[in-house]
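Trainee: Protein sequence lines, in the order shown, are assigned to chains A and B. If you want the numbering used here, it's the position in the first sequence, counting the first as 1, plus 34. If you want the numbering used here, it's the position in the second sequence, counting the first as 1, plus 291. Below is one structure. I have some questions about it.
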Amino acid sequence: MSLGIGTTLAYLAAAVLFIFGIRILRSPLTARAGNLIAAVGMVVAIVATFFEFKADVSTLLLIAGVLAVGSGVGAVTAIRVPMTSMPQFVAAFNGVGGGAAALISFSELYKLSQLGLAEQSFVILLAILFGILIGGVSFSGSAVAFTKLEELAFGGSVTFPLQKGVNAVLFLAAVAAGVNVLIGGPLPVAAGVAVLGIALLLGVLLVIPIGGADMPIVISLLNAFTGLAAAASGFSLGNTVLIIAGALVGASGTILTYLMSAALGRPLSKILFGAVAAAGQEEAEGHDKPVTSGSPEDVGSMLANEADSVIFIPGYGLAVAQAQSAMADLMRTLESQGKEVRFAIHPVAGRMPGHMNVLLAEASVPADKLVDLEDINDEFDETDAVVIVGANDVVNPSAREDGNSPIAGMPILNADHARNVVFVKRSLSPGFAGIDNPLFYDQDRTTMLFSDAKEGLEGVTEAVRNQG
Amino acid sequence: MGAELVSQFVVLVLAIALGFELISSVPSLLHTPLMSATNAIHGIVVVGALVVVLTATETLTLVLGLVAVFFGTVNVVGGFIVTNRMLEMFRGAGRGRGR
Chain A
35 MSLGIGTTLA YLAAAVLFIF GIRILRSPLT ARAGNLIAAV GMVVAIVATF
85 FEFKADVSTL LLIAGVLAVG SGVGAVTAIR VPMTSMPQFV AAFNGVGGGA
135 AALISFSELY KLSQLGLAEQ SFVILLAILF GILIGGVSFS GSAVAFTKLE
185 ELAFGGSVTF PLQKGVNAVL FLAAVAAGVN VLIGGPLPVA AGVAVLGIAL
235 LLGVLLVIPI GGADMPIVIS LLNAFTGLAA AASGFSLGNT VLIIAGALVG
285 ASGTILTYLM SAALGRPLSK ILFGAVAAAG QEEAEGHDKP VTSGSPEDVG
335 SMLANEADSV IFIPGYGLAV AQAQSAMADL MRTLESQGKE VRFAIHPVAG
385 RMPGHMNVLL AEASVPADKL VDLEDINDEF DETDAVVIVG ANDVVNPSAR
435 EDGNSPIAGM PILNADHARN VVFVKRSLSP GFAGIDNPLF YDQDRTTMLF
485 SDAKEGLEGV TEAVRNQG
Chain B
292 MGAELVSQFV VLVLAIALGF ELISSVPSLL HTPLMSATNA IHGIVVVGAL
342 VVVLTATETL TLVLGLVAVF FGTVNVVGGF IVTNRMLEMF RGAGRGRGR
């Protein structure tokens, strides 16, 4: 269907607002305005749609009701979600978007089948099938990602025999059902239901074997998927704003996924099809090796008396313990004694790139204290003390030195080059990737402060104050 | 392929090219908000869902469309608000210092 000129121009305006919004989201100072501009674009597109398609009052009331309920659910969820749980809620919002795209495509298939599929354009039908498949995978895959990150179900890596074979057979079955629709075979709507059902199953099966550490990459990939599904539904509806916005997200989501997997040193093919076999193997080993453990007073006196330059390395454990403010307090205490304190931010500190920056910003740590891996890694050699809280894998030297390590090749922070290293950690348990860290056992350099992150940091801050 | 489909294909390819270009130079601290913001933008499916409802002639498409409107609205509203919350914190922390 062709859109009216006014609607087309309004959609164009919305698309420009999306593009400009993303454009200024690239700078921290204008990012918030960028998000608001994109939201304005969304309102423009929605309002224009009501002017284009007239409907009776009862339909409009129904829509108004659904819009109100949907906005309420979205807003309340978004306002309540704690910042530590952000990744899973991004997954949830992404999943419902994918579900919407799949439903739109399916209802278009149904509508066209009533008109006779033989007269429909091959490209349109292809777009519809693609939208159902990708949207369905995104919906159920995001649901699994959500349950994994919320630790509701599917913990760790869930695998079963012949998993790849089963996935391949399912995918081929979906393709077969799709081809049936394309060549005008029997029961096209049932075939569409089959594609949707298989897509939902595939989404689950593709994501359950993937471990929690790789989940942000999966969410980013599913984000790109939903974008593509939205673009596909734009084709089937002949709606340009859907095509533009969907394609923008599909492309940008793909780039983000690539950037994240590069930062983790984990190629996408390995994440999706590697079924993480290596993790956990070395868990038992090393627990009886000797370590130097210390009290908060020991650490405090070392920081007060022997350290002029200090680098903090925060990890997800810091956020779980809600210890960001305690870390910020320690920073201010050390600075008041004339010491230089900086935060080294690994690209995947937290659970997504940039997640730690958000969490520290929440604790009022100035953004200029946060230094990226590339910019700080050469400076560890001249650093007196490193305090690592709730992080493990991102400072594990075996990523650099042991070619057989499951995290081999992942860029790490060179904490092991500093003169003193302090780990604030509950126990010697391995990190998210389940790998032992040789830096724990470097007794001359490393002090293990076995404690809850918050209590430990508060104890150290107290001790530093008493020294000063 | 009809003329309209061809022009839609042109739009698709240009938008993909633009999407790649827009993202390739972003500081890593903004990756999460950016993922979240693009996540909200693909909530544009709500427009598609509205079209389905507004042009529905049967109960089935009406119901499917309304469910899609609900999903899409949650996506849009939740996505933009969560992104705004993240970015508000940056502003609070970086006030007066810039970067």
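Ideal Cβ placement from N, Cα and C applies to all residues, glycine included.
Please give the ranges of any beta strand (DSSP E) in the region 422-493 of chain A, keeping only runs that are unbroken, at least 3 residues long and fully inside the region.
Mentor: 454-459, 480-484
Trainee: Please tell me whether A:P348 has its Cβ less than 8 Å away from any Cβ of chain B.
Mentor: no
Trainee: So that I know if they touch, is there some Cβ in chain B lying closer than 8 Å to that of A:M120?
Mentor: Yes, A:M120 lies at the interface with chain B (some Cβ there is under 8 Å from its Cβ).
Trainee: Strictly below 7 Å CB to CB, what residues from chain B border A:F85?
Mentor: Contact annotation for A:F85 against chain B: no contact, minimum CB-CB distance about 11 Å [criterion: below 7 Å].
Trainee: At a CB distance below 7 Å, what residues from the region 181-196 of chain A approach chain B? Give them in sequence order.
Mentor: Those would be none; no residue qualifies.
Trainee: Is there a Cβ of chain B sitting closer than 8 Å to that of A:R57, yes or no?
Mentor: yes
Trainee: Does the contact criterion of 3 or more C-beta pairs under 8 Å hold for the region 153-169 of chain A versus the region 85-102 of chain A?
Mentor: no
Trainee: At a cut of 8 Å, does the region 353-365 of chain A reach the region 488-496 of chain A through at least three beta carbon pairs?
Mentor: yes
Trainee: Where B:L378 and A:L143 are concerned, what is the direct C-alpha to C-alpha distance, given to the nearest angstrom?
Mentor: For B:L378 and A:L143, the distance between alpha carbons rounds to 40 Å.
Trainee: Got a sec: is the Cβ-Cβ distance from B:V360 to anything in chain A below 8 Å?
Mentor: It does; some Cβ of chain A falls within 8 Å.
Trainee: Cα-Cα, which of A:V344, A:F259, A:T274, A:G68 is closest to A:E416?
Mentor: Closest by alpha carbon: A:V344.
Trainee: Does chain B have any CB closer than 8 Å to the CB of A:V275?
Mentor: yes
Trainee: Can you tell me whether DSSP reads A:E369 as helix, strand or coil?
Mentor: helix
Trainee: Under 8 Å, Cβ to Cβ, is there at least one residue of chain B near A:M482?
Mentor: no
Trainee: Thinking C-alpha only, which one of B:R376, B:M380, B:V368 is nearest A:M76?
Mentor: B:V368
Trainee: Report the neighbours of B:V342 on chain A: residues whose CB is nearer than 7 Å to its CB, in chain order.
Mentor: Simply T83, F87, L271, N273.
Trainee: Please report the straight-line C-alpha distance between A:Q315 and A:I469, rounded to a whole angstrom.
Mentor: Bear in mind that the predicted position of A:Q315 carries a pLDDT of just 39, short of 50, making it unreliable; the figure below should be weighed with that in mind. A:Q315 and A:I469 have their C-alpha atoms some 8 Å from each other.
Trainee: Answer yes or no: does any C-beta atom of chain A fall closer than 8 Å to that of B:T350?
Mentor: Answer no: the Cβ-Cβ gap between B:T350 and chain A never drops below 8 Å.
Trainee: Compute the distance between the beta-carbons of A:D342 and A:E374, then report whether it is under 8 Å.
Mentor: yes
Trainee: Could you tell me which residues DSSP puts in a beta bridge with A:L404?
Mentor: A:F377
Trainee: Would A:I39 be called buried (16 or more neighbouring beta carbons within 10 Å of its own) or exposed?
Mentor: exposed
Trainee: Report yes or no: is there a C-beta of chain B within less than 8 Å of the C-beta of A:L352?
Mentor: no
Trainee: Suppose the cutoff is 6 Å on Cβ atoms and the five residues either side in sequence are ignored; what does the same chain contact list for A:A318 look like?
Mentor: Note that A:A318 scores a pLDDT of 42, beneath 50, so its modelled location is shaky and nothing firm can be said.
Trainee: Spell out the partners DSSP gives A:I253 in its beta bridges.
Mentor: DSSP output for A:I253 lists no bridge partner at all.
Trainee: Beta carbon of A:I56, beta carbon of A:A72: below 8 Å?
Mentor: Closer than 8 Å, so yes.
Trainee: Counting beta carbon pairs with one atom in the region 133-147 of chain A and one in the region 370-386 of chain A, are three or more of them shorter than 8 Å?
Mentor: Contact between the region 370-386 of chain A and the region 133-147 of chain A is absent: fewer than 3 CB-CB pairs across the two stretches fall below 8 Å.
Trainee: Which whole-angstrom value is the C-beta distance of A:A279 and A:A49, which I expect to be below 8 Å?
Mentor: That belief holds up - the Cβ atoms of A:A279 and A:A49 are roughly 7 Å apart, short of 8 Å.
Trainee: Name, please, each residue of chain D whose Cβ falls closer than 7 Å to the Cβ of B:V317.
Mentor: Going by chain labels, chain D is absent from the structure shown, which instead holds the protein chains A and B.
Trainee: Grab the span of the beta strand (DSSP E) containing A:P348 for me, first residue to last.
Mentor: 343-348
Trainee: Residues of chain B with a CB under 7 Å from the CB of A:L149: which are they?
Mentor: Going along chain B, no residue has its Cβ under 7 Å from A:L149, so there is no contact; the nearest lies around 11 Å.
Trainee: Name, please, each residue of chain A whose Cβ falls closer than 8 Å to the Cβ of B:A331.
Mentor: N69, A72, A73, M76, F127
Trainee: On the premise that A:V124 lies in contact with B:N330, defined as a C-beta separation below 8 Å, what is that separation, rounded to the nearest angstrom?
Mentor: Taking a contact as a CB-CB distance under 8 Å, the pair B:N330 and A:V124 counts as one, their CB atoms being some 6 Å apart.
Trainee: Beta-carbon within less than 7 Å of A:T550's beta-carbon, same chain only, minus the 5 sequence neighbours each way: which residues are those?
Mentor: Look at the range of chain A in this structure, 35 to 502, and you will see that residue 550 of chain A is not part of it.
Trainee: Compare the C-alpha of A:D248 against each of A:A112, A:L306, A:N69 and name the closest.
Mentor: A:L306
Trainee: By the three-class DSSP mapping on this structure, what secondary structure does B:V336 have?
Mentor: Note: B:V336 maps to helix in three-state DSSP.
Trainee: Which chain B residues sit within Cβ distance under 7 Å of A:F140?
Mentor: L355
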